[in-house]
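Peer 1: This is the structure I want to talk about, given as structure tokens.
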Amino acid sequence: MTQAISVENLSKRYELGALHQETQLRDQLVRLLRTPFGKRRTRETLWALSDVSFTVEQGEVVGIIGRNGAGKSTLLKILSKITYPTSGRVKARGRVAALLEVGAGFHEELTGRENIYLNGSIMGMRKREVDAKLEAIVEFSGLQRFVDTPIKRYSSGMRSRLGFAVAAHLDPDVLIVDEVLAVGDADFQKKCISAMHELRGGGRTVLFVSHNMSAVENLCSRGIWLAQGRVQLDGPAPKVIEAYMTSFAAAENASTALGSVGDRSGSGEVRFTRVEFRSSEGDLQTVTRAGRSIVIRMHYHANEPIIRPIFAVRFYTELGTLVTTTSTWLHGLDICPVPAGEGYIDLEIDSLNLMPGRYYLSLRLGTSVDQRTYDALEHAVYLDVEEAPIYGQSRRIDSRFGLVFFPQRWRLDGIGRSATDAAKRAADA
Amino acid sequence: MREWISELWRAREILYFLAWRDVIIRYKQAALGATWAVLQPLFTMLIFSFFFGRLAGIPSNGIPYPLFSYSALVLWMYFSVTLGHVGNSMVANSGLITKIYFPRILLPAAAALGGLLDLLTSSLLLVAMLVYYHVTPRWTALLTPIFVGQTVLLVMGLGMLLAALNVRYRDVKYTIPFMTQMGLFVTPIIYPVTFLPHRFQGWLALNPMTGVIEGFRACLFGGAVDWNVLTCSWVVTLLLLLAGGVHFRMTERVFADVV
Numbered sequence: 005m006t007q008a009i010s011v012e013n014l015s016k017r018y019e020l021g022a023l024h025q026e027t028q029l030r031d032q033l034v035r036l037l038r039t040p041f042g043k044r045r046t047r048e049t050l051w052a053l054s055d056v057s058f059t060v061e062q063g064e065v066v067g068i069i070g071r072n073g074a075g076k077s078t079l080l081k082i083l084s085k086i087t088y089p090t091s092g093r094v095k096a097r098g099r100v101a102a103l104l105e106v107g108a109g110f111h112e113e114l115t116g117r118e119n120i121y122l123n124g125s126i127m128g129m130r131k132r133e134v135d136a137k138l139e140a141i142v143e144f145s146g147l148q149r150f151v152d153t154p155i156k157r158y159s160s161g162m163r164s165r166l167g168f169a170v171a172a173h174l175d176p177d178v179l180i181v182d183e184v185l186a187v188g189d190a191d192f193q194k195k196c197i198s199a200m201h202e203l204r205g206g207g208r209t210v211l212f213v214s215h216n217m218s219a220v221e222n223l224c225s226r227g228i229w230l231a232q233g234r235v236q237l238d239g240p241a242p243k244v245i246e247a248y249m250t251s252f253a254a255a256e257n258a259s260t261a262l263g264s265v266g267d268r269s270g271s272g273e274v275r276f277t278r279v280e281f282r283s284s285e286g287d288l289q290t291v292t293r294a295g296r297s298i299v300i301r302m303h304y305h306a307n308e309p310i311i312r313p314i315f316a317v318r319f320y321t322e323l324g325t326l327v328t329t330t331s332t333w334l335h336g337l338d339i340c341p342v343p344a345g346e347g348y349i350d351l352e353i354d355s356l357n358l359m360p361g362r363y364y365l366s367l368r369l370g371t372s373v374d375q376r377t378y379d380a381l382e383h384a385v386y387l388d389v390e391e392a393p394i395y396g397q398s399r400r401i402d403s404r405f406g407l408v409f410f411p412q413r414w415r416l417d418g419i420g421r422s423a424t425d426a427a428k429r430a431a432d433a
Numbered sequence: 035m036r037e038w039i040s041e042l043w044r045a046r047e048i049l050y051f052l053a054w055r056d057v058i059i060r061y062k063q064a065a066l067g068a069t070w071a072v073l074q075p076l077f078t079m080l081i082f083s084f085f086f087g088r089l090a091g092i093p094s095n096g097i098p099y100p101l102f103s104y105s106a107l108v109l110w111m112y113f114s115v116t117l118g119h120v121g122n123s124m125v126a127n128s129g130l131i132t133k134i135y136f137p138r139i140l141l142p143a144a145a146a147l148g149g150l151l152d153l154l155t156s157s158l159l160l161v162a163m164l165v166y167y168h169v170t171p172r173w174t175a176l177l178t179p180i181f182v183g184q185t186v187l188l189v190m191g192l193g194m195l196l197a198a199l200n201v202r203y204r205d206v207k208y209t210i211p212f213m214t215q216m217g218l219f220v221t222p223i224i225y226p227v228t229f230l231p232h233r234f235q236g237w238l239a240l241n242p243m244t245g246v247i248e249g250f251r252a253c254l255f256g257g258a259v260d261w262n263v264l265t266c267s268w269v270v271t272l273l274l275l276l277a278g279g280v281h282f283r284m285t286e287r288v289f290a291d292v293v
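Residue numbers (our numbering), protein chains in the order written: chain H, 5 to 433; chain L, 35 to 293.
Written as structure tokens, this is what we have:
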């Protein structure tokens, strides 16, 4: 086996001051005037990666996982030469293609066909190569009717299909993919995954970053878990994924304080502060049982009054598959203006029709006024659903039986009778 | 260095596609299309001819004033418009820079090459004007590409310097139009060099576009060439190209982090 990628003691430092300020010369002049003799403000620095080392053999498919801000994107950017490390070395053999964004470099005014040429060329294809593969690319994207339409008329799904179609025909030795499977419809996702399977079959080396744990588990033989810029765990994919998922929401989960949740975004005018799980009687509970009713109480703190808020909750499996989404907007609720200060909102679920297992909740608080998100917490808390006599029997039903179950009954009246018998009986009655 | 050059050679098709993109996009939704490349210098020439040629009576070395000013405007328009494109090329393509690796220098280079199509279009009118004014170009007209080439190098040198600075300081975006506006008056476009008092002529030679335009006109219409001015212009051009190239290469590593 030959090494396709080797990463040695890779570190990357960002100077926060340099990133966020002083892109105007004026700002520097103002600072100079304010403190002409003062020492230069020491800049805050952030180590996006520190001392990361690993090697990837040719033909390996490696999944890179970790929370937002763990350094995954920085690592990919360095591997694809977009940015340079502060220290350490990277070596990659053969043609490296990086897909950090599907359709990067697409131009709105150009047609699908023109964009295929532009994008293909920037990604490293020769014109002859694009000529030869054009038909296959168009067919893969399924956009035959639209190749001569400017892509400003495309939907975002169509755009990513076109982008992935180009990427799937790059024929690289090393493919670096960042989260592209998050877009597009289910059909297209399937196509992407099978395209990546083909790559794997072809002995290509693939590095794959995703939040979708089931995609990582399906595709990758090996997982690398990054946490705060360091390699936390490197090993067989299922093992790494399991360790990663259990690291979430390590706090007591009946009433989880949300101050320290890592994966958080939003503008922050309002923040969730705490989540509680209660029984319908109002008792705090740490676990619930399949089929029971439950109340999910979300506490928030508003720094300023907000109008037309939207509260949303998503349920995920341990592997990151979305089970269901609910929100006040989906329910058509028009919530009166929320005053500044503390408050909470309850989500009452009559019957939690989830198969036993651990489920992660993502919370989101936004507004319908300008589509803004005030607070978004990914996989903020988990809820353990215990085995229960779901169908009223003491049969053991666990997570192997799937994700959900429905309120249901089996009817046995038709056993041993033909459909005409049933019709005759109905006529007699 | 050798590695970089071989990388550039392998990426030459990207240069072509980027330049092609710039050109297509510029004209795709403009109803008059490539006519704009002619209209701008044409109207500028008409206004100059009226105010400076007719009313102010500025001499034009015995050449009809419209021809005198238009021949310079063809190059000057390329210089000023393209310098803007080149100077903004990194910021305008930040979406590309942060997502895909390719030799960064291709972006300013593509912008500089893309502008040549406009230059070609506006030159057609220059040829038409030569016919109209019964001016027979001399054999030296074949040498004009030298000065076009020099303008490209100048735009690249200055442009790379500005493009790299623009990534850090967005002030550059506002500086470029200002610079080219001023430049119009300190370049012998409206007037011949000899129109200035002698003591100012030396200073004018420091502007590399002075040599370019004087040389370009001399090739077309004949007349004495001041070799000192031409030499000075080439020296400044090459120094700017060196400075721009070195600065660009030194800072390109951080473009994706800062832009």
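We put the beta carbon where it would ideally sit given N, CA and C, even for glycine.
Return yes when the Cβ of Ile298 of chain H is within less than 9 Å of the Cβ of Leu356 of chain H, no when it is not.
Peer 2: It is a contact, given that the beta carbons lie within the stated cut-off.
Peer 1: Pro142 of chain L and Phe282 of chain L - do their beta-carbons sit closer together than 9 Å?
Peer 2: It is a contact, given that the beta carbons lie within the stated cut-off.
Peer 1: Kindly say whether Trp38 of chain L, judged by its beta-carbon, lies nearer than 9 Å to any beta-carbon of chain H.
Peer 2: Chain H contact via Cβ: absent.
Peer 1: If you scan the stretch 110-157 of chain H from start to end, which runs of the beta strand (DSSP E) of 3 or more residues do you find wholly inside it?
Peer 2: Counting only runs of 3 or more, we get nothing.
Peer 1: Considering only their Cβ atoms, is the gap separating Ser145 of chain H from Met162 of chain H smaller than 9 Å?
Peer 2: For Met162 of chain H and Ser145 of chain H, yes; Cβs fall inside 9 Å.
Peer 1: Where Val389 of chain H and Ile9 of chain H are concerned, what is the direct C-alpha to C-alpha distance, given to the nearest angstrom?
Peer 2: Straight-line Cα distance between these residues: approximately 42 Å.
Peer 1: Report the residues of the stretch 125-154 of chain L with a CB closer than 7 Å to any CB of chain H, ordered along the chain.
Peer 2: Hits within the stretch, in order: Gly129, Leu130, Thr132, Lys133, Ile134, Tyr135 and Phe136.
Peer 1: Considering only C-alpha positions, which residue in the set L:Lys207, L:Leu80 and L:Gly67 is nearest to Leu151 of chain L?
Peer 2: The shortest Cα separation from Leu151 of chain L among L:Lys207, L:Leu80 and L:Gly67 belongs to L:Gly67.
Peer 1: Could you confirm whether any beta carbon from chain H is found closer than 9 Å to the beta carbon of Arg283 of chain L?
Peer 2: Not closer than 9 Å to any Cβ of chain H, the Cβ of Arg283 of chain L fails to qualify, so no.
Peer 1: Decide if the stretch 309-323 of chain H is in contact with the stretch 410-418 of chain H; the criterion is three or more beta carbon pairs, one per stretch, under 8 Å apart.
Peer 2: Segments in contact, no.
Peer 1: Answer yes or no: do Glu346 of chain H and Ile310 of chain H have a C-beta to C-beta separation smaller than 9 Å?
Peer 2: No, Cβ-Cβ distance for Glu346 of chain H and Ile310 of chain H is not below 9 Å.
Peer 1: What residues from chain H crowd round Ile58 of chain L, counting only those whose CB sits closer than 9 Å?
Peer 2: By Cβ distance, chain H contributes His111, Glu113, Leu114 and Glu118.
Peer 1: Can you tell which of L:Leu188, L:Gly129 and L:Leu164 has its C-alpha closest to the C-alpha of Ile247 of chain L?
Peer 2: When only C-alpha atoms are compared, the closest one is L:Leu188.
Peer 1: For Ala423 of chain H versus Arg293 of chain H, is the C-beta spacing smaller than 9 Å?
Peer 2: Taking 9 Å as the Cβ cut-off, Ala423 of chain H and Arg293 of chain H do not qualify as a contacting pair.
Peer 1: Quick one, which of L:Ala71, L:Asn262, L:Asn200 and L:Leu160 has its alpha-carbon nearest Phe175 of chain L's?
Peer 2: The residue you asked about is not Phe; residue 175 of chain L is Ala in the sequence shown. Looking at the Cα atoms, L:Leu160 is the closest of the given residues.
Peer 1: According to DSSP, simplified to helix, strand and coil, what is Asn13 of chain H?
Peer 2: In the structure shown, Asn13 of chain H sits in a strand (DSSP, three-state: E or B).
Peer 1: With which residues is Trp229 of chain H paired in a DSSP beta bridge?
Peer 2: Paired residues: H:Ile69 and H:Leu237.
Peer 1: Determine the DSSP secondary structure at Asp417 of chain H, reduced to helix, strand or coil.
Peer 2: Three-state DSSP puts Asp417 of chain H in coil, outside helix and strand.
Peer 1: Short of 7 Å Cβ to Cβ, which residues in the stretch 152-174 of chain H face chain L?
Peer 2: Of all residues in the stretch 152-174 of chain H, none has a Cβ within less than 7 Å of some Cβ in chain L.
Peer 1: Tell me the DSSP secondary structure of Met35 of chain L in three-state form.
Peer 2: Note: Met35 of chain L maps to coil in three-state DSSP.
Peer 1: In terms of DSSP beta bridges, what is Val342 of chain H paired with?
Peer 2: Val342 of chain H is bridged to H:Ile310.
Peer 1: Could you pull the DSSP bridge partners for Tyr304 of chain H from this structure?
Peer 2: DSSP output for Tyr304 of chain H lists H:Phe276 and H:Gly347 as bridge partner(s).
Peer 1: On the three-state DSSP scale, how would you describe Glu382 of chain H?
Peer 2: Of the three classes helix, strand and coil, the one that applies to Glu382 of chain H here is strand, per DSSP.
Peer 1: Using beta carbons (cut-off 9 Å, strictly below), is Leu14 of chain H in contact with chain L?
Peer 2: Judged by the 9 Å Cβ criterion, Leu14 of chain H is not in contact with chain L.
Peer 1: For Lys133 of chain L, count the other beta carbons within 10 Å of its own beta carbon; 16 or more makes it buried, fewer makes it exposed. Which is it?
Peer 2: Lys133 of chain L comes out buried.
Peer 1: Can you tell me whether Ile120 of chain H sits near the ligand ADP, meaning its C-beta is under 8 Å from at least one heavy atom of the ligand?
Peer 2: Only the bare structure without any ligand can be found here, which leaves the ligand ADP out of the picture.
Peer 1: Beta carbons nearer than 7 Å to chain L: which residues of the stretch 377-394 of chain H have them?
Peer 2: Listed by position along the chain: nothing, the set is empty.
Peer 1: So, at 6 Å on beta carbons, what are the nonlocal neighbours of Ala96 of chain H in its own chain, with the 5 sequence-adjacent residues on each side left out?
Peer 2: Closer than 6 Å at the Cβ level, and outside the excluded window around Ala96 of chain H, lie Ile9 and Val178.
Peer 1: Going straight from the alpha carbon of Ile126 of chain H to that of Val170 of chain H, what length do you get?
Peer 2: Going by the C-alpha atoms only, they are around 11 Å apart.
Peer 1: Looking at Val115 of chain L: is its Cβ nearer than 9 Å to the Cβ of Gly149 of chain L?
Peer 2: Against a cut-off of 9 Å, the Cβ pair of Gly149 of chain L and Val115 of chain L comes out as a contact.
Peer 1: For Leu122 of chain H, which residues in chain L fall below 7 Å Cβ to Cβ?
Peer 2: By Cβ distance, chain L contributes Phe51 and Arg55.
Peer 1: When you compare only the Cα positions, how much space is there between Val11 of chain H and Val56 of chain H?
Peer 2: If I take the Cα positions, the gap works out to 7 Å.
Peer 1: Going by the beta-carbon positions, is the gap between Gly227 of chain H and Ile120 of chain H smaller than 9 Å?
Peer 2: Their beta carbons are not under 9 Å apart, which means Gly227 of chain H does not touch Ile120 of chain H by this criterion.
Peer 1: Just checking: is the beta-carbon of Val288 of chain L within a distance shorter than 9 Å of some beta-carbon in chain H?
Peer 2: So yes, Val288 of chain L belongs to the interface.
Peer 1: Near Lys131 of chain H, what residues of its chain come up, given a Cβ to Cβ distance below 8 Å and the 5 sequence neighbours on each side ignored?
Peer 2: Only Tyr121 and Ser125 meet the Cβ criterion.
Peer 1: With a threshold of 9 Å between beta-carbons, can Ile210 of chain L be considered close to chain H, or not?
Peer 2: Chain H contact via Cβ: absent.
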